[in-house]
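*Asks:* Chains as they are written, first to last, in the numbering used here: chain A, 2 to 564; chain B, -13 to 110; chain C, 281 to 908.
#1: Going by DSSP, what residue range makes up the beta strand (DSSP E) through residue 318 (chain A)?
#2: Just to confirm before moving on: does the CB-CB distance between residue 350 (chain A) and residue 339 (chain A) stay below 7 Å?
#3: May I have the straight-line CA-CA distance separating residue 328 (chain C) from residue 411 (chain C), to the nearest angstrom?
#4: Which residue marks the beginning of the beta strand (DSSP E) containing residue 350 (chain A), and which one marks its end?
#5: Just to confirm, are residue 131 (chain A) and residue 483 (chain A) a CB contact at a threshold of 7 Å?
#6: Is residue 136 (chain A) helix, strand or coil by DSSP?
#7: What three-state label does DSSP hand residue 924 (chain C) in the structure shown?
#8: Select from A:420, A:101, A:217 the residue whose C-alpha is nearest the C-alpha of residue 525 (chain A).
#9: Please determine if the segment 593 to 613 of chain C and the segment 506 to 514 of chain C are in contact, where contact requires at least 3 C-beta pairs separated by less than 8 Å.
#10: Any idea if residue 13 (chain B) is buried or exposed, counting beta-carbon neighbours within 10 angstroms, 16 or more meaning buried?
#11: Can you check DSSP and say which residues form a bridge with residue 403 (chain A)?
#12: Going by alpha carbons, who is nearest to residue 584 (chain C) out of C:824, C:387, C:304, C:783?
#13: Is it the case that the segment 360 to 367 of chain C contacts the segment 813 to 832 of chain C, given that we only count it when at least three CB pairs across the two stretches are under 8 Å?
#14: Let me make sure I understand the geometry here. Which of C:569, C:556, C:610 has the alpha-carbon closest to that of residue 336 (chain A)?
#15: Going along the chain, which residues of its own chain have a beta-carbon closer than 7 Å to the beta-carbon of residue 675 (chain C), five neighbours each way excluded?
#16: Since residue 344 (chain C) meets chain A, which of its residues come closer than 8 Å, beta carbon to beta carbon?
#17: Taking DSSP's pairing of strands, which residues face residue 486 (chain A) in a bridge?
#18: Is there a C-beta anywhere in chain B that falls below 7 Å from the one on residue 482 (chain C)?
#19: Can you give the Cα-Cα distance for residue 655 (chain C) and residue 598 (chain C), rounded to whole angstroms?
#20: With 7 Å as the C-beta to C-beta threshold (strictly closer), list the residues of the segment 531 to 547 of chain C near chain A in chain order.
#21: Does DSSP classify residue 867 (chain C) as helix, strand or coil?
#22: Of all the residues that make up the segment 45 to 66 of chain B, which are near chain A by a beta-carbon distance shorter than 7 Å?
#23: In the DSSP output, what is residue 219 (chain A) paired with across the bridge?
#24: Among A:461, A:447, A:274, which has the Cα closest to the Cα of residue 469 (chain A)?
#25: When DSSP labels each residue in this structure, what does residue 783 (chain C) get in the three-state scheme?
#26: Hey, would you say residue 481 (chain C) sits closer than 7 Å to residue 523 (chain C), going by beta carbons?
#27: Closest to residue 245 (chain A) by C-alpha separation, out of A:229, A:549, A:255, would be which residue?
#28: Would you tell me roughly how many angstroms separate the C-alpha atoms of residue 140 (chain A) and residue 332 (chain A), rounded to the nearest one?
#29: Should residue 848 (chain C) be labelled buried (16 or more other beta-carbon atoms within 10 Å of its own) or exposed?
#30: At a CB-CB cut-off below 9 Å, which residues of chain B make contact with residue 45 (chain A)?
#31: Quick check: residue 20 (chain A) and residue 494 (chain C), are their CB atoms within less than 7 Å of each other?
#32: Can you tell me whether DSSP reads residue 200 (chain A) as helix, strand or coil?
#33: Which of the residues in the segment -2 to 19 of chain B, read from start to end, lie with their CB under 7 Å from any CB of chain A?
#34: If we count the other Cβ atoms within 10 Å of its Cβ and call it buried at 16 or more, is residue 190 (chain A) buried or exposed?
#35: Roughly how many whole angstroms lie between the Cα atoms of residue 456 (chain A) and residue 450 (chain A)?
#36: Closer than 9 Å by beta-carbon distance: list the chain C residues that pair up with residue 333 (chain A), in chain order.
Below, the structure written as structure tokens:
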């Protein structure tokens, strides 16, 4: 290290005298400065969105325990990483391994908790009804047969008869229960009895087409072209037949048709361009001094002259479904009306829309948005809640709500008592308590106070599967026209979740990156032997990054979990 | 770097442990302020009081991490300059949030008691 | 094993590198600088082509694109992107958005900051290389990948991004939303490309600052650094601190695209194509604009400062005079960098910000013109009384000064929110910032290319071809941009793909007054577009010059052909690995020309004083001289 070579970068291990810093130290601090701006941008975005929100911002909706544990874990890892660095300074390799290993383990546990939290949200359904009631819950699993009848699943996972559909199936199915063909699904799809399908060659998507083909296959139906698919790519060539009428639709045939269709477009474009050019030459020759816009008025393509050179170019391919069966279509990517459904890839399906309600086990009722809208219009919030669709149509939710009102009245009274009856001093129940039933409250109301939830129950949110208390969640069948907006608790649900996932996701990526770099140093015993100071410098620099990641979390935790 | 001699480093280790403990306690306090009713400051539920207290504790924790764990207490002026610049420009960035109020199509919503700006303007 | 490789990681360049290590995955700052330079020039050429297509559409909206421009398109493309051979509105938007994006993020910034900065800055401070050579290589390749993603998006079904170079939501988010596979849409690829480019410039800027702080040669104190290095320092800080907010905006828009979230989607948005949008709503398009322009304005100085820096190096060399007001320029550039962070909202006067905010940004915007004027004035005064050598670099540098002056002064009306209400989004804005960027910045960078070409290659560029490049460029570039200012004041909107044809009032006594105004100025379109073709032709001599001079140009006589004083002229020509033959030491400031106490008219930074001369001795020497 001591010999002076001219093309060697100096100040890698020893600090430069006048600045007192090594290169990597300056580098990492600069990098952290830009990270400050990155997370600063995200935080200011968070505040902006929260201040700007024209809907009730979800406050304290995340389960606190996982976040709290993660905070502890990160603080611990911050301590161990600085210990690991100190052990290198003390030249204790094994102790370094121990502390660094702990740090990496902490990172792994942190990410594991994140996965648990994310997973709970990705399976949790939120629905905003047309009257701005917000329902939370889990979509029931079920099965839909080829006629579009919905079945619940029994304990063995087989379709059990749906209560609402009993009449239908008796008349149509008769004794053929054993041969029933069905698709298992979550009951939130659009069920569409389809007779004809027309594919848009410009837009069709491989995945969507495959989805339709597999659905048809599992329902024992076939999608076939109802006309010959043929294209003539230029006026003097023979037509190319992609598929004859009656042949089954395949992705390959559609792709071939698309390629040919593009050629017809190209041919027609070239012919028309040539004609337009010719017209402009004539116009400029006749009228050389006229400005461009004046000449443009006299330009007309001689369609009769070019028609023989044009070829037919149809971008829509039609097909039949035989026998007609009920397809399941994702409501987020389908625009359905009574007689037709248009998927996002412009595939148009015609037939009949079958009742496509969503079956939800409710574990949260939130009227705060409804109340906000009512107040904007000058309507009394309490009466608006009374008129809401869910209270009118679901007796169980209604019963819970009555109990909730009692609870709030008690709370108000208690708060008044705490203030020694001084109405002015007394606080009222917070509007988020008043107009919102959480899953814990619903369990309490449903079990008449019998079920006592522990702090670890519902670690990452309400669970519908095994828990004994899940039976208290009311079931509801939501007609599709009542649903204004629905989403899992993903970034799509609202901007709070969007910013939550964005910031914590980016933070998680930082954790992974930092852990990889720190973990790498555990595999550098040779460097420790040869140049321990250099390794210590590297660990210090990576440690600075790690502390910064911890520092970001220190702000993230209160902002996302507690506020 | 807190001195390079083994003795000094050993002494520093205890200090790091202490700081870690303080961070733990700070975290528990933050949560307690948020969820334990009698520790709730300000109005019932989440309010400005909780906001200020929560961010204050977080800032103290963050400063401890920066100052002790990240050795900012032994760092050169240049590093402070970099960090100061980042801090200042991040503050400029937070000025963006002010704009949320300045936007005339902004609806001053439920529970956010900021006055609507247009009214102020009309008075003059 | 891995430890051994890291141990020797820093000195693996002692081994003889093979071709790929030397020219493709090079860690040498000079090679990387040249890579940046060539790739960014290619991108500029591409963006220039896009603009020619747009200018055709503006001047001749009803005529098919002529063959000499449309041959680039494949037959299928013509079917998709041209309608009867004419440029469609969609194609125009796509080309417009990509022209801006490529010029700014892939062309001028990499050319000015990354290419010149990489090549010249370490030489000027006497460093053996950048502080982190591998990181340097990585930033080039990240830039390359980002650029490839951007250009690759032209070949997608959806075409490239088409919502302006600023990519404003909600327009940008609705665009291409109809495609099922969101990965392969132009809008998404634009955002991905941006994330790559931003990461690239972050790494680059960290590298630049560390190099400037820690690798200065002995004796190279802060105020002995050439102005070029100061400008690079400020630019690096701008990139470091202003780019992350744009990264945030890009990430948020990506999240919006992929997950259907509503960061930038307001409540109740309705489009004619899809009715009420199926999104949660509650977001704010203005948030994007703030985050974008928080970068966007510093970005203007990221574009500008390298060009000013090149000119500031060329002027003292060719006037044989010190740079006038070196210190005030240094302070000026720092104040400029600082202020550039708090002026961003002047791009948003028309978004309906309250008067308080508008006034604040109006004040800071007017303030920022002070340091800009200091820089420009100092350079103009530097010319005063010099015996100017009008070689190629100096001609370009001299032309830069008035051109940038026009660009800067036409910006003043835009700084005032009242005047901006009229001028916003008109061709006046286009004319203004193109005067800054094209005849301003690009002329400055051309000056730089001509200036350092002999150092990089060992050969001079041809003077005749240089004149053939310079004079037509100067004339035609003004004929392109000056009419824009006139059209803009007449109210021509910047996004008309048919150049105002749709608004034209054809009859003389019609009641459509605006249509008559349009009729009065619409013929300027033809003049501008014709000038653009001529301008394109004027670049041919440069291309020939650039490539042929490498082989047949006049060889440089010595390592310091211009008799310059800064350290890059102390290296061998072209500089080898490690740059300097002997370790450089710096004894004085960067612009010691025509010193009365020195017998040559330049006193290089690296020349050791023969004897220690005390101040008294200088005085006596002077008095002796006057006595004789």
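Glycine residues also receive a C-beta, built at the ideal position from the N, C-alpha and C atoms.
*Replies:* Taking the coordinates as given:
#1: 317 to 330
#2: no
#3: 35 Å
#4: 349 to 355
#5: yes
#6: strand
#7: The first residue shown for chain C is 281 and the last is 908, placing residue 924 (chain C) beyond what the model contains.
#8: A:101
#9: yes
#10: buried
#11: Its beta-bridge partners do not exist; DSSP assigns none.
#12: C:387
#13: no
#14: C:556
#15: 750
#16: 274, 277, 278, 281
#17: A:129
#18: no
#19: 18 Å
#20: 531, 532, 535, 539, 540, 541, 542, 543, 547
#21: coil
#22: 47, 48, 51, 52, 55, 56, 62, 64, 65
#23: For residue 219 (chain A), which the question treats as bridged, DSSP gives no partner whatsoever.
#24: A:447
#25: helix
#26: yes
#27: A:229
#28: 14 Å
#29: buried
#30: 76, 79, 80, 81, 82, 83
#31: yes
#32: strand
#33: -2, -1, 2, 3, 6, 9, 10, 13, 16, 17
#34: buried
#35: 16 Å
#36: 540, 558
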